[in-house]
Amino acid sequence: MTTHIEKRKQTFKVRDENITVEADALIDDKTNKILFDLDLDNQAIDLAFNVYRRKNNLISPAEMVAFRKKYQLSQRSLAKLLDVGSATIARYEKGVLPSESINNLLRKIKDDSSYFVGLFHQNKSKLSAKDQKKIEAAISKVDKQIKGDSLLNAYLFRNQNDQHTIEDGFSKFDLDKFTNMVLYFVQHNPKLSKTRLNKLLFYSDFRFFKENSVSISGTTYIHDYYGPVPSDFELLYTLLKDSDEVETKPFGDGHGEMFISTQEFNKNLFRKLQEQVSHFGKIKKS
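Quick note on numbering: UniProt numbering labels position 90 of the sequence shown as 90, and the sequence is numbered without any gaps.
In structure tokens, the structure reads:
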């Protein structure tokens with residue numbers, strides 16, 4: 001018998017619903033009929049299950065695993081919080097379709113972080129102290145990320161620099177680059193003030209734009225009393241402080257604050273741009 005593999009439309013019954021997918025199948029050259037092949041048949045069935053999941057908004061195994069990793073949950077700890085058997089969670093992650101009630105609950109905790117936090121506090125007594133500590137740390141991290149995203153979205157909305165315009169140097173705002181510009185200047189300039197940092201950022205972006213027709217960070221700038229400054233710079237620095245990139249400390253005379261970096265500058269991010277940025281590292285404090 002000679003055979004070949006080709007894509008064929010195949011129909012499977014998933015929970016009393018016929019699901020048709022196009023998948024690879026083993027074909028008999030003589031009869032042109034589909035032959036049994038364990039691997040190919042399983043792949044086709046998985047495709048049908050995925051179509052059914054999307055059609056009925058069922059959570060996927062990959063989504064469940066990603067959610068557990070996000071909150072440092074084991075299958076056992078998630079099962080305890082949901083008051084189901086750990087074997088049930090394991091089956092769902094292997095591809096078994098969840099019941100409607102469990103699916104609704106899984107969707108709720110995945111899509112609504114505040115609901116999951118409430119459920120955790122309600123049922124955390126069922127978990128070991130070690131598991132509680134891991135999950136609480138993960139919740140704190142996620143909470144910081146949510147707040148950071150809110151601040152970033154507020155900045156982008158206020159400044160409209162999620163597009164390429166002259167105001168942002170024809171570069172979409174890049175938080176990672178902006179953060180590392182700040183880290184670089186803070187690490188190379190002891191007791192760096194906010195006023196001086198604002199100037200360093202502007203001159204770096206401006207010179208790079210002048211020589212390359214695009215800015216480094218995509219930050220928008222406005223004219224302030226002491227010269228050009230990043231628009232909404234207080235919001236941006238709050239974002240960096242909340243994400244533990246930098247912290248501030250009052251100067252000894254009580255006038256103003258100095259920046260202190262809490263993370264290392266990412267040397268690989270800029271490469272050629274680093275020389276452009278470092279050119280302004282010796283601007284005198286104003």
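Think of the CB as a built atom: it goes at the ideal place given N, C-alpha and C, for glycine as much as any other residue.
Residues near residue i in its chain [Cβ-Cβ closer than 6 Å; skip 5 each side]
i, result
"E22", "K7 and K9"
"D174", "S217 and G218"
"residue 303", "There is no way to answer for residue 303, as the model of the chain reaches only from 1 to 286."
"P228", "F202 and Y221"
Nonlocal neighbours in the same chain, by C-beta distance under 7 Å from residue i, ignoring five residues either side
i, result
"K285", "Because the pLDDT of K285 is 40, which lies under 50, any placement of that residue in the model is unreliable, and the number read from its coordinates should be weighed accordingly. The residues are S193 and R196."
"L119", "L81 and I109"
"D28", "M1, T3 and L35"
"D232", "Y155, R158 and N159"
"V65", "E93"
Three-state class that DSSP yields for residue i in the structure shown
i, result
"V65", "helix"
"P258", "The displayed chain sequence assigns Met, not Pro, to residue 258. Reduced to three states, the DSSP call for M258 is strand."
"I109", "helix"
"I34", "strand"
"L78", "helix"
"I139", "helix"
"K191", "coil"
"N266", "coil"
"E245", "coil"
"D131", "helix"
"K126", "helix"
"N161", "coil"
"I102", "helix"
"K172", "coil"
"S150", "helix"
N- and C-terminal bounds of the beta strand (DSSP E) containing residue i
i, result
"D24", "E17 to D28"
"T3", "T3 to V14"
"D253", "Here D253 belongs to no beta strand (DSSP E), and DSSP marks it neither H nor E."
"Y226", "Where Y226 is concerned, there is no enclosing beta strand (DSSP E), given that its DSSP letter is neither H nor E."
Residue i classed as buried or exposed, judged by whether at least 16 other C-beta atoms fall within 10 angstroms
i, result
"L58", "buried"
"S215", "buried"
"K126", "exposed"
"T31", "exposed"
"A44", "buried"
"T20", "exposed"
"I222", "exposed"
"R53", "buried"
"V96", "exposed"
"K13", "exposed"
"D253", "exposed"
"L105", "buried"
"A48", "buried"
"N153", "exposed"
Neighbourhood of residue i by C-beta distance below 8 Å, restricted to the same chain and skipping five residues each side
i, result
"F36", "L26"
"I283", "Interpretation of I283 is limited by its pLDDT of 43, a score under 50 that renders its predicted location unreliable; no figure is taken from the coordinates."
"E245", "T179, V182, L183, S261, T262 and Q263"
"F251", "K191, S193, E257 and M258"
"D242", "K144, K147, G148 and L151"
Residue span of the alpha helix (DSSP H) that contains residue i, given as start and end
i, result
"V186", "L175 to H188"
"V51", "L38 to N56"
"E234", "F233 to D242"
"Y71", "From DSSP, Y71 is part of no alpha helix (DSSP H); its letter is neither H nor E."
"Y203", "K194 to N212"
"T88", "S86 to E93"
Residue-chain proximity (residue i, chain B), Cβ-Cβ < 8 Å
i, result
"N103", "Although the question refers to chain B, the structure presented lacks it and comprises just one protein chain."
Check whether the stretch 255-266 touches the stretch 176-190, taking contact to mean three or more Cβ pairs, one atom from each stretch, closer than 8 Å. yes
Okay, do the stretch 71-79 and the stretch 131-142 touch, 3+ Cβ pairs below 8 Å being the bar? A contact exists between the stretch 71-79 and the stretch 131-142.
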